[in-house]
Every structure is written in structure tokens, then in C-alpha cells.
């Protein structure tokens, strides 16, 4: 009983940590690129900020999934539940799609955004094009989130 | 569909009125001038020398950069700043404004300022150098070698002090410490000249560094002046120069009143330059000039009458574009659809023979952003903010269209948010038709159904387009096959009624036999089979719409998280309510930002990748009429 609960908490933590790592690396990559470009051209801070912020969503998706796990366990706003060992494993596994997809897609989205920053530096009018490119990468984080939400929703304690 | 008709306009007029005609064209802003085919018509190219204007524009813009320092600052001021509006009369009057004295003055002020700044830097360096030597109580000028002794100043690492002391006890050398730093000491040192070379070598081994007063310091020092006095003099100089800088600053600020005139002149010259550039596109002989360009068909008559009222010596012809010509594209949509042109333009303008996808796309985009954000509170807030900005900041052009688009999307979000979401994280159950958190599967089915409808609609548009371009067989049977197969297959899988199965097979047959353009029957059959495999793409396309559910859920869950955090914060004694208020406002603003960004971007992707790819070919050139160019003011 206790172990089930621990496993579920571990799942939530994984979602936050892996999604967060992906976003942190991604935002870091784009941030470095934009700071470099801004040293030449400080005017376009707003456009760059958009591109730098984009890979940040994976971390938010992870956070959101962890919150759903906490809701499920009654850690937020309800009486504490006690999942069985199997249910604990189920909750942990349900967190994996968002965690792993977030980790990898965050890093790659960061790379796309970094090159987007270079593109905007030369073609300031085409801001939305690299944003759409980045969204193509993010799709897989969104799909991971979707499955995680559906799985978490399906596991009733 | 929704592309304005464009005509080619050709103008032939007397060379004497060339500039006048160009001015009129610029004022009207109706024509996109094209390069005249000079060789074919055996005409000369017009000259277009602009270097003198370039030079003046450069001076004006650097003067404006200088003056912009006294501009009123503040975010709100910038946001709501209106460009001054300039009418024709002011525009002509400004050319009489003699800007040269002001420009000269500004340039002089700037040069003087730079010189003062570099002088101040120089004096500050000298002061820094003298600072450790302040304790030296001898006049600067007296520090000269005598017949028998060498006198010098220098620094020594503190670790070598003992060694020097030992040396001073034994040899004909004497020193005094002026100042002790952390790692080095500053010395005043005297030794007998007789053994100069030997002493120099010894001092060098001790890492002794000579310090010399600069020419400037010696010049500034009077006969009796010690280091302290010279430093005072230097500080006096610095202060004096700083006072002069302040005065220059004041003089610069006095020139600020000319700023508006300079801005105006800058923009008038900018437009003048554009005019001269455009004149380079014309062809001419000694007596006449010839130009051609593109114009909206509906404007052609207006242009002709305008030009005819300028001069009699002019002929204006207009004709429809030839098949081999590529006219620029002007999108023409009714008012509610106009803001959505932004989305189309982002992807690219339609090619010749394609059509404007704005109207078919708009309702889907409208709905999808609403579903992705699905939060009534955020929608109302976004719509309200955009409306306020439109009302008070009076934006123009692209920004205005963007804000209008945002208002519409806000309304959609508010509406859908009331039905399936909440109000700042608090659902009002009586309004809701579906709670995605309780019943995500229904929402998923809704998203997939919407996706199916859009993908099917895209295929329908492709068929219509094909029929218009006279590709009858392929369009009706292959595209029509998809249109039949997709819904029939879905219904068959649901109901298992054989009639739907037969219909699906009929659709599939159409695709297999007409899906490939090849004439060889085998290649045609297998090519057709391969295009039937495209059904996996349709499946993937429809599944892609599941992101609507994910993004919609993300918004509501984050809103819920914010509210839960607020509740926790309320439990803290004394400052709880304040913390809760901060978390509420900050959290919801953050969520609004990322939700709209995500909703906007992902809805756009659905249009571009899933919808447009079915039927739309971009590659048209935008229509960019010859008109006034301006940076600071607005010509009316």
C-alpha cells in the first residue's frame, strides 16, 4: 500500500523533472542564441522572447501532469488515497509519455528556436515562420501530454 | 474567389511632366510600378541619382537619434503615441525649411561632446596615476637628476622591500616610501650616479618599476607645485569640462523644438527618394516617357481621371494580365474575414490559378483557438484589451488587423470557454455542456470530428479547384472517391451496414483507377493503389486534431492549479489575502499568455499542415503599390 503511493509520487516527480530538464535545456539554447544576437540588435527583444519562451511548455506540461497525479492521490484538496502496488505502477507509467516526450522534444525545440532566432535577426518580418516550425516539434510533447492526461483520468483510485 | 482583379496599366506622357505624374501616383498609392521593358521598346532608361538625398537623409537620421534622448519616456506614452499627421500643404512647406543650420549645430554639439568626453577620460587616467603618489611632498619639477645623483620614482612589490632596505644600508642608495598599497609600495629613490648601470641592474632584479610624470603633468605644474597641487588642478579641469558638457546638453535640449520639423523633412525626403528610385523603372525618349504597372481593376478609372486632370499630354491604357504574366495578388475579403488574411499571408499568397483560402479557413481557425484556450474569463479579457488598444492607441495596418483578429479570437474563447471551460478556473456548471476534465473522451471525439470535417472540406475544395482548372476525370473520380470513401468508411465501421461498405469500395475504386495520372494501365493501377495508401495520411491528419483536447485541458488544469495555490496562500495569517491576490493575478495572466500563444500557434499549424496542404498552392507575390514612405509621420 505504502509502496504504491510512493511509486505514484515518483511518477509525478519524473514528469516534472524530465519535462523541466527538456525545457531548461531548450530555453537555454534559444536564450543563448538570442542574447548573442541581441548584442548586435537589442531592439527586437520582444520577438526573441517569444522564441525563447516556446520550449518552456514541456516543463509546464510535466508540472500539470504531476498536479493531476497529486489530485488523484488526494495530496491536493482531498482525503489521502491509498493506491495498491499495481495502481502505483500504473500512475508512474502513465506519467512517462509526458516526461520522456517532453525531455526530448524540449531539447530539439530549443534547437529549432535557436536557429529561428538567427532567422528573425535577418528577416524580422518572418517571426511566425520559426514559431510554426517550433510548434511542429512541440506536437509530440502535446501528444505525450494528451495520453498522460487520458491515462491519469482512466486510473480511478 | 476572394482575390481582387488586377490590371496592367500603361502610361505614356510628355517628358516634361514626368515628376509631376510620379508625385500624383505616389499620392494616390494605387499602382505598383514595374520595370518597363526598355530594350524591346527601344527606349532609354531614366536616370535615378539619389546620392545627394542619401547623404542628407543620413545626416537627418543621425541628428534625430541625437535628439531622441529628450523624448518623453515611458511604456504607456510609447504605446499610445500617435504619429503626427501631415497634409499636402505642410509637406510642401517643409521643403522650404532650411535644416542645414540645425544639422550643423547638432553635429558640432556632438563632435564637441565627444571631444570633451575623451579629454575627461584622459584626465581621469592621469589622476589615477597620480593618486598613489599624493604623499610626495616635493615639487614635480624639482625631481631632476643632479650632477652626482639620480632621482627617481617607482613602485616595488612589497616582498622586495626588505631586500631594498638591506641594499640601502650597504650602498650609496637612499629611499623613502610614499605610499603602501596592498601588494606594492611606491618609492622615492636616490642613488649615486657613478654606479648607475650597476644600480639599474639591481633595481631591475628587484622588480622595481620606474614611474615617469607625463608631459602634460609637468606642463600643468608650476615651479612649486607638488603632486597634490597638480591633482587638484586636474580635478579642476575635469569639473570644468563636465560643466561644459552640461551646457552642451542644455544647448542640445534647446534644439529639441526642431525635432518635429526634422522628422517631417526626413520622411518627405524618404518619399522623394522612393520617387526618384521609381523613376529609374521608366523608359523615355527626349520627348515622352513610358511606364507600366499593376493596378486593381476597380481603381483604374479613378487613376485615369486623376492623371488626366494633371495634364493633357498623357495617355493611359489598362488591360487584363496576359497568360504568361504574373500579376501581384491582392486578397479581397468581407470585413469579418479580413483579419484572418494575416494567417493566410503568413503561409503565402495564392498562386495564379489558385484561390484565396482565407474564408474557408476562418471559421475553423476561429473555433480552434477558442477550443485550445477554452476559458471564458481569458477570452473576455483578451477581447476587451484588444478593443481598448484599438480605441486608444489607434494602430494602423497590420497591427490593427492583428488586434481585430485577437478580438474575434477572444470572443470565440469566451463563448467556448463558457460552454466547456471555466471563468478564471471556476466553472459555472449551469452554462456548461461538457466538462473535459470529467469526460475527456467526448471532447476528444469532438476534436476528431472537427478535424475530420476540415480535412474532408479541404479535399472538397481541392476537387472544386481541379474542376475549375479542367482536370475533370481526376478531380471527380479520385478526389470524389476520397470524399465518398472517408465518411462512408467511418459510418461502416460504426454501424457495419453493408450499404456503407459498398459505398466505401466505390470510393476506393475511383481512387485506384483515377488516382494516378499515368497512361500505362499497369502503372496506373499500381499508382492508384499507392495513392489509396494515402488513407494513412488522412488518419494521421485527423488524429493530429487531438491536440485541441490537450491544449484545452492544459488551460483549465493550470487555471485550477493557480486557484488551488491561492487557496493555500489564503491560509497564511495576516498577508495571506495579499499573497493570494498576487498569485491569482500573476498566475492567470501567465496562463492567459501561454494558452493564447499555444492556441494560436497550434491552430495555425492545423491550418497550414493539415488543411492548406490538401488544396492550396502558395507562391503569389504581394501587391506593393508605389506610395509615400514614412518612418516618423503619417502622410494624409
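Residue numbers (the numbering used here), protein chains in the order written: chain G, 1 to 157; chain R, 158 to 793. Ideal placement from N, C-alpha and C gives every residue a C-beta, glycine not left out.
Nearest-angstrom Cα separation, counted from residue j out to residue i
| i | j | result |
| --- | --- | --- |
| residue 763 of chain R | residue 667 of chain R | 28 Å |
| residue 778 of chain R | residue 712 of chain R | 38 Å |
| residue 732 of chain R | residue 717 of chain R | 22 Å |
| residue 88 of chain G | residue 631 of chain R | 56 Å |
| residue 158 of chain R | residue 99 of chain G | For residue 158 of chain R, the predicted structure reports a pLDDT of 49, less than 50, and the residue's modelled location is therefore unreliable. The matter cannot be settled from this model. |
| residue 160 of chain R | residue 699 of chain R | 29 Å |
| residue 375 of chain R | residue 269 of chain R | 26 Å |
| residue 4 of chain G | residue 501 of chain R | 51 Å |
| residue 575 of chain R | residue 761 of chain R | 23 Å |
| residue 783 of chain R | residue 431 of chain R | 8 Å |
| residue 433 of chain R | residue 177 of chain R | 12 Å |
| residue 519 of chain R | residue 238 of chain R | 32 Å |
| residue 628 of chain R | residue 773 of chain R | 16 Å |
| residue 479 of chain R | residue 625 of chain R | 19 Å |
| residue 839 of chain R | residue 414 of chain R | Beyond the ends of chain R as shown, which are 158 and 793, falls residue 839 of chain R; an answer cannot be given. |
| residue 290 of chain R | residue 38 of chain G | 43 Å |
| residue 663 of chain R | residue 640 of chain R | 11 Å |
| residue 352 of chain R | residue 306 of chain R | 10 Å |
| residue 255 of chain R | residue 247 of chain R | 14 Å |
Short CB-CB distance (under 8 Å) between residue i and chain G
| i | result |
| --- | --- |
| residue 755 of chain R | yes |
| residue 719 of chain R | no |
| residue 597 of chain R | yes |
| residue 762 of chain R | yes |
| residue 862 of chain R | Look at the range of chain R in this structure, 158 to 793, and you will see that residue 862 of chain R is not part of it. |
| residue 503 of chain R | yes |
| residue 158 of chain R | Annotation note: pLDDT 49 at residue 158 of chain R (below 50); position unreliable, coordinate value reported separately. By this cut-off, residue 158 of chain R is not an interface position. |
| residue 563 of chain R | no |
| residue 559 of chain R | no |
| residue 521 of chain R | no |
Residue-level contact to chain R via CB, residue i, 8 Å cutoff
| i | result |
| --- | --- |
| residue 136 of chain G | yes |
| residue 60 of chain G | yes |
| residue 153 of chain G | yes |
| residue 150 of chain G | yes |
| residue 67 of chain G | yes |
| residue 96 of chain G | no |
| residue 157 of chain G | no |
| residue 132 of chain G | yes |
| residue 119 of chain G | no |
| residue 7 of chain G | no |
| residue 75 of chain G | no |
| residue 103 of chain G | no |
| residue 142 of chain G | yes |
Residue-chain proximity (residue i, chain A), Cβ-Cβ < 8 Å
| i | result |
| --- | --- |
| residue 38 of chain G | Going by chain labels, chain A is absent from the structure shown, which instead holds the protein chains G and R. |
Decide yes or no for the touch test of the segment 418-427 of chain R against the segment 282-302 of chain R: beta carbon pairs closer than 8 Å, at least 3 of them. The answer is no - the segment 282-302 of chain R does not touch the segment 418-427 of chain R, with fewer than three Cβ pairs under 8 Å.
Can you pull out the residues from the segment 700-716 of chain R whose beta carbon lies closer than 8 Å to at least one beta carbon of chain G? Hits within the stretch, in order: 701, 703, 704, 706, 707, 708, 710, 711, 714 and 715.
contact_flag[the segment 447-456 of chain R, the segment 191-204 of chain R] where n(CB pairs < 8 Å) is 3 or more: The segment 447-456 of chain R is in contact with the segment 191-204 of chain R.
Output needed in chain order: residues of the segment 580-605 of chain R with a Cβ under 7 Å from some Cβ in chain G. Correct list: 597.
Between the segment 701-712 of chain R and the segment 138-150 of chain G, do at least 3 Cβ pairs fall closer than 8 Å? Contact between the segment 701-712 of chain R and the segment 138-150 of chain G is present, because at least three Cβ pairs lie under 8 Å.
Between the segment 203-215 of chain R and the segment 392-401 of chain R, can you find at least three pairs of beta-carbon atoms closer than 8 Å? The segment 392-401 of chain R vs the segment 203-215 of chain R: no contact.
Report the start-end ranges of each alpha helix (DSSP H) in the segment 388-454 of chain R that is 4 residues or longer and not cut off at the edges. Runs found: 416-436.
What residue ranges within the segment 622-651 of chain R form continuous beta strand (DSSP E) runs of no fewer than 3 residues, ordered along the chain? For the segment 622-651 of chain R, not a single whole beta strand (DSSP E) run of length 3 or above is found.
Would you mind listing the alpha helix (DSSP H) stretches within the segment 242-293 of chain R that are 4+ residues and don't spill past its ends, in chain order? Whole alpha helix (DSSP H) segments, 4+ residues: 245-251 and 257-287.
Within the segment 652-724 of chain R, ranges of the alpha helix (DSSP H) (whole runs, at least 4 residues): Qualifying alpha helix (DSSP H) stretches, in chain order: 655-671, 678-689 and 692-701.
Can you check the segment 328-363 of chain R for any alpha helix (DSSP H) of at least 4 residues that lies completely inside it and give the ranges in chain order? Qualifying alpha helix (DSSP H) stretches, in chain order: 353-362.
When the Cβ atoms of the segment 461-478 of chain R are set against those of the segment 170-187 of chain R, are three or more pairs found closer than 8 Å? Between the segment 461-478 of chain R and the segment 170-187 of chain R there are three or more inter-stretch CB-CB distances shorter than 8 Å, so the stretches are counted as touching.
Please give the ranges of any alpha helix (DSSP H) in the segment 470-510 of chain R, keeping only runs that are unbroken, at least 4 residues long and fully inside the region. With a minimum length of 4 residues, the continuous alpha helix (DSSP H) runs that stay inside the segment 470-510 of chain R are 498-504.
Segment contact flag, the segment 746-758 of chain R with the segment 518-532 of chain R, C-beta cutoff 8 Å, min 3 pairs: When C-beta atoms of the segment 746-758 of chain R are compared with those of the segment 518-532 of chain R, three or more pairs fall below 8 Å, so the two segments count as touching.
Please confirm if the segment 733-745 of chain R is in contact with the segment 557-564 of chain R, defined as three or more CB-CB distances below 8 Å between the two stretches. In short, these stretches do not touch, since the Cβ pair count stays below three.
Listed from N- to C-terminal order along the chain, which residues in the segment 675-695 of chain R have their beta-carbon within a distance smaller than 7 Å of any beta-carbon of chain G? Listed by position along the chain: nothing, the set is empty.
Is it the case that the segment 117-128 of chain G contacts the segment 23-42 of chain G, given that we only count it when at least three CB pairs across the two stretches are under 8 Å? Yes: the two stretches touch, three or more of their Cβ pairs being nearer than 8 Å.
Tell me, please, whether the segment 591-601 of chain R touches the segment 673-684 of chain R by the rule of three or more beta-carbon pairs shorter than 8 Å. Cβ pair count under 8 Å is below three, so no.
Should the segment 379-390 of chain R be regarded as contacting the segment 294-313 of chain R, the criterion being three or more beta carbon pairs within less than 8 Å? Segments in contact, yes.
Would you say the segment 50-62 of chain G touches the segment 101-109 of chain G, given that touching needs at least three Cβ pairs under 8 Å? Yes, they touch.
Suppose only complete runs of 3+ residues qualify. What are the beta strand (DSSP E) ranges in the segment 206-242 of chain R, listed by chain order? You should have found no qualifying run.
Report the start-end ranges of each alpha helix (DSSP H) in the segment 10-94 of chain G that is 4 residues or longer and not cut off at the edges. The qualifying runs are 45-53 and 57-73.
Given 8 Å, three or more beta-carbon pairs between the segment 3-22 of chain G and the segment 69-88 of chain G: A contact exists between the segment 3-22 of chain G and the segment 69-88 of chain G.
Please name the residues in the segment 728-755 of chain R whose beta-carbon is closer than 7 Å to at least one beta-carbon of chain G, in chain order. Per Cβ criterion, the list reads 751 and 755.
Tell me whether the segment 537-545 of chain R and the segment 486-500 of chain R touch, counting them as touching only if at least three CB pairs, one residue from each stretch, are closer than 8 Å. Contact between the segment 537-545 of chain R and the segment 486-500 of chain R is absent, because fewer than three Cβ pairs lie under 8 Å.
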